[in-house]
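Protein chains: 2
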Amino acid sequence: MKSILTPLGPKADKDTVRRHNLSLVLRAVRDEGERGEATRAGVAARVGLTRAAVSSLVEQLMDSGFLTESGKTFSGQAGRPGTALKVARTGPAGLGVEINIDYVSVCVVDLAGTGRVRQTEHLDNRGTPAGEALARAARIAARTLESAYEQELRPVGAALALPGLVSGGSVRQAPNLGWNEVPAQRLFAEALAALRPGHPVLPVASENEANLAALAELWFGGLGDVRSFLYLTGEIGVGGALVLGGELLRGAHGFAGEIGHVVVDPEGPECRCGSRGCLEQYAGQAALLRAAGIEGIGGASGVLELERRADAGDPRAVAAVGEAGRMLGRVLSGAVNLIDPDAVVLGGIYRGLMPWLAPPADAELTGRVVSGLWSPGGGRLRASSVAGDAARGAAALVVQDVLDDPVAYAEPSGG
Amino acid sequence: MKSILTPLGPKADKDTVRRHNLSLVLRAVRDEGERGEATRAGVAARVGLTRAAVSSLVEQLMDSGFLTESGKTFSGQAGRPGTALKVARTGPAGLGVEINIDYVSVCVVDLAGTGRVRQTEHLDNRGTPAGEALARAARIAARTLESAYEQELRPVGAALALPGLVSGGSVRQAPNLGWNEVPAQRLFAEALAALRPGHPVLPVASENEANLAALAELWFGGLGDVRSFLYLTGEIGVGGALVLGGELLRGAHGFAGEIGHVVVDPEGPECRCGSRGCLEQYAGQAALLRAAGIEGIGGASGVLELERRADAGDPRAVAAVGEAGRMLGRVLSGAVNLIDPDAVVLGGIYRGLMPWLAPPADAELTGRVVSGLWSPGGGRLRASSVAGDAARGAAALVVQDVLDDPVAYAEPSGG
Chain E
1 MKSILTPLGP KADKDTVRRH NLSLVLRAVR DEGERGEATR AGVAARVGLT
51 RAAVSSLVEQ LMDSGFLTES GKTFSGQAGR PGTALKVART GPAGLGVEIN
101 IDYVSVCVVD LAGTGRVRQT EHLDNRGTPA GEALARAARI AARTLESAYE
151 QELRPVGAAL ALPGLVSGGS VRQAPNLGWN EVPAQRLFAE ALAALRPGHP
201 VLPVASENEA NLAALAELWF GGLGDVRSFL YLTGEIGVGG ALVLGGELLR
251 GAHGFAGEIG HVVVDPEGPE CRCGSRGCLE QYAGQAALLR AAGIEGIGGA
301 SGVLELERRA DAGDPRAVAA VGEAGRMLGR VLSGAVNLID PDAVVLGGIY
351 RGLMPWLAPP ADAELTGRVV SGLWSPGGGR LRASSVAGDA ARGAAALVVQ
401 DVLDDPVAYA EPSGG
Chain C
1 MKSILTPLGP KADKDTVRRH NLSLVLRAVR DEGERGEATR AGVAARVGLT
51 RAAVSSLVEQ LMDSGFLTES GKTFSGQAGR PGTALKVART GPAGLGVEIN
101 IDYVSVCVVD LAGTGRVRQT EHLDNRGTPA GEALARAARI AARTLESAYE
151 QELRPVGAAL ALPGLVSGGS VRQAPNLGWN EVPAQRLFAE ALAALRPGHP
201 VLPVASENEA NLAALAELWF GGLGDVRSFL YLTGEIGVGG ALVLGGELLR
251 GAHGFAGEIG HVVVDPEGPE CRCGSRGCLE QYAGQAALLR AAGIEGIGGA
301 SGVLELERRA DAGDPRAVAA VGEAGRMLGR VLSGAVNLID PDAVVLGGIY
351 RGLMPWLAPP ADAELTGRVV SGLWSPGGGR LRASSVAGDA ARGAAALVVQ
401 DVLDDPVAYA EPSGG
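Chains as they are written, first to last, in this note's numbering: chain E, 1 to 415; chain C, 1 to 415.
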């Protein structure tokens, strides 16, 4: 994966092969550690390097704070046979900042991918100028960073998850936020730097929030062998992302995955994007709550109320969710005909609504997927796990950068 | 690219590095040859091998009949400084066989990618049992092979281009042919073998015709820097293919690209695929001719008549093509929102209808592509070149296999 951040400083180590091998070993320890204990011998077998080479690389990674020994069988001798290795729970980490319509969620993920600190605030970013909304997110991020430092975590970069078309560090268009051509990355970085005088400036990346939620689902969710999937996240907007063969499809301009603006009815209601009858107008949060007759309760509370009513058998709630499911299924059938993915994953507000949403969506897919491969209830339409979380995906994207080239992110005074 | 054919025999040469380098050098000569003259020194610089290594590899490729010297500066001395190299115009070649609804087209492509023999027969494959249609195609192929041998070309494999869902050598479903679970690859290979007693059996591959037309467009068309595009081909059905970053997206089951069965109107006319209101029912050949009031003239003649009438300003013809363009644009806007390709290429019957088809399609795209990046007439919607030809793509796919591992396709007695 291409680096998402500008490296912190000039790359001192010119031995690119060694840098590559450091990355291989660090990843191997992380992956082996997920399934049991990682040892130098196990890592050597996995990456195809000699035991001696691996020992030297492990040494450097321990000196720089990327690896630790579990200590269980630590003997203090050179060679340390059988000692279990782990990625450090302290040191380099990633900061993820999701700025959505009605909340900001910030989290810190360590090298193992574990979420360690989380701070979420419910607020309304629609009524706020973009610069102010980003400054507010920076304040939440600064507080989250304080908590991370207390846990001896050292975030080396931040990634912003934003609900709109993101490219070149800017939000080109985020209809539900009312943002147009907002240089979000720069504004956020400046606001955060101003809050932390004396600290090194944190490099900042940015990406569409559905893309990052899909990556989080891929990395941390329960997808098993699934490597190609379409990801939909129901929020105030309807976001989407495409993962093909384990890689995010960003598209020629970075705008792939905008399934919320696939047309359902060409003469349908006007959409904030400028078109008419987009899926968002039938299966977005506002449309759902309106159709269910839930007025005056916004955001998460409104969705919980909708779940409660549907669960109690309220006919209007059940019909509203069912109709949204039909429209979702109709649009998804087109996407499946086009892409032929292993699975379609529904996240965001759709997770809790699956009992009423999935059957009509499945029926549309069964009737309209031309390959006849769609079997209702066959597991290709599934709810996202709780892992499908854009803030965690953003933080993990930063960690990927560290794993790709640990030397670039070693402590300035490390060694 | 993974080999599409079963290699002809056991791989005698165990030196995989040398085999890989033979492939590199053969491709380098082909690519350099397209832009001027390929020399040993030029090839060495391109592939990063020593001049001596390249000379040895060139020697082997010439002995096996893959390369020739142009002779212009041929001195007869060892080392041959400055001698121009070319891929052979004789020897290994690919056979492509497109079996479509109302025609069969067979072609032979040489190592340089040039179409050398072509035989097309207009007939109706709908009224014929699948086995008989395949046997008829094999007879056309056998005659084409005779012509190839006369030109000292030696097709080493065949690829079938088929209008339907193709996987594992079988047509799973081809609604417009009325085929279901037809083992096309085996039936064709057997029929061809029966026609050529005493000849080695030709290995046969198979693939969806739109996929192969898209590859032909990528390899031989005028796409320039475009590496990601959506390809639509209007025929009796509407086929589609997705090329992302220069690679065909086959999908999890091999069924990606079925844009003809994306729903336009959920309550629309029944489609042969079992769904309702598919794009094919609005922009397929039959629907177009019917809407234009052209009855009783089928196939290519009907389409030419439609072009003639539209060109003469016949209101019904112009309206029919315009409406098809609107429906195409509507479905394409969804696909562009999802995929964000560099371009959308329209082939088949759409090529000649572009003057009346493109403006309404462009208008739909402009209004509905959420990124606002779609500019009408901006060149992202374009007609395919004549290169977008499934039979040539099929033959070229075989040639790709040869270029990937020439040793596997050397003359049995070569050396």
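In this text, a Cβ means the ideal position worked out from N, Cα and C, and glycines have one as well.
So if DSSP puts residue 264 of chain C in a beta bridge, which residue, or which two residues, is it bridged to?
Answer is none; residue 264 of chain C lacks a bridge partner.
Residue closest to residue 127 of chain E, alpha-carbon to alpha-carbon, out of E:118, E:103, E:107 and E:117
E:103
How should residue 35 of chain C be labelled, buried or exposed, when 16 other C-beta atoms within 10 angstroms of its C-beta is the threshold for buried?
exposed
If I follow the unbroken beta strand (DSSP E) through residue 69 of chain E, where does it start and stop?
67-69
Under 8 Å from the C-beta of residue 273 of chain E: neighbouring residues of chain C
370
Residue from C:45, C:86, C:190 and C:383 with nearest C-alpha to residue 59 of chain C:
C:86
What is the DSSP secondary structure of residue 241 of chain E, counted as helix, strand or coil?
strand
Residue from C:148, C:302 and C:110 whose Cα sits closest to the Cα of residue 88 of chain C
C:110
Using the beta-carbon count (16 or more within 10 Å), is residue 70 of chain C buried or exposed?
exposed
Are there three or more Cβ pairs, one per stretch, closer than 8 Å when the region 189-205 of chain C is compared with the region 134-142 of chain C?
yes
So with Cβ pairs under 8 Å, would you call residue 162 of chain C a contact of chain E?
no
Taking all protein chains shown into account, decide if residue 375 of chain C is buried (16 or more other Cβ within 10 angstroms of its Cβ) or exposed.
exposed
7 Å Cβ shell around residue 281 of chain C - same chain, five flanking residues per side excluded:
268, 269, 271 and 287
Using a 10 Å radius around the Cβ and a threshold of 16 neighbouring Cβ atoms, would you call residue 304 of chain E buried or exposed?
exposed
Proximity of residue 192 of chain E and residue 398 of chain E at Cβ, strictly below 8 Å:
no
Does any CB atom of chain C fall closer than 8 Å to the CB of residue 246 of chain E?
no
Using a threshold of 8 Å, state whether the C-beta atoms of residue 160 of chain C and residue 206 of chain C are closer than that.
yes
Beta-carbon separation (whole angstroms), residue 329 of chain E vs residue 361 of chain E, contact threshold 8 Å:
4 Å
For a test of the three-state rule: what should DSSP assign to residue 337 of chain E, helix, strand or coil?
helix
Within the 8 Å Cβ cut-off, does residue 381 of chain C reach chain E?
no
Backbone secondary structure at residue 77 of chain E - three-state DSSP
In this predicted model, residue 77 of chain E has a pLDDT of only 45, less than 50, meaning its place in the structure is not dependable; the value taken from the coordinates is given anyway. The answer is coil: DSSP assigns residue 77 of chain E none of H, G, I, E or B.
Within the 8 Å Cβ cut-off, does residue 400 of chain E reach chain C?
no
Under 8 Å, Cβ to Cβ, is there at least one residue of chain C near residue 258 of chain E?
yes
So, using beta-carbon positions, are residue 64 of chain E and residue 323 of chain E closer together than 8 Å?
no
Straight-line CA distance for residue 120 of chain E to residue 166 of chain E?
22 Å
What are the residues that DSSP puts in a beta bridge with residue 121 of chain C?
C:104
Determine the burial state of residue 340 of chain C: buried for a count of at least 16 other Cβ atoms within 10 Å of its Cβ, exposed for fewer.
buried
The alpha helix (DSSP H) with residue 399 of chain C in it runs from where to where?
390-404
Closer than 8 Å by C-beta to residue 219 of chain C: which residues in its own chain qualify, once you throw out the five before and the five after it? Chain order, please.
113, 387, 393 and 396
Could you tell me if residue 258 of chain E is buried or exposed, where buried requires 16 or more neighbouring beta carbons within 10 angstroms of its beta carbon?
buried
For residue 231 of chain C: DSSP bridge partner residues:
C:241 and C:345
Could one say the Cβ of residue 7 of chain C lies closer than 8 Å to chain E's Cβ atoms, at least one of them?
Residue confidence for residue 7 of chain C is low, a pLDDT of 38 falling below 50, so the modelled location carries little weight; the figure read from the coordinates is stated next. No, residue 7 of chain C does not count as interfacial toward chain E.
Residues of chain C with CB closer than 9 Å to the CB of residue 21 of chain E, please, in chain order.
What residue 21 of chain E touches in chain C: nothing, since even the nearest Cβ is about 22 Å away.
Between the alpha carbons of residue 178 of chain E and residue 248 of chain C, how many angstroms are there, rounded?
37 Å
In whole angstroms, what is the alpha-carbon distance linking residue 84 of chain C and residue 406 of chain C?
20 Å
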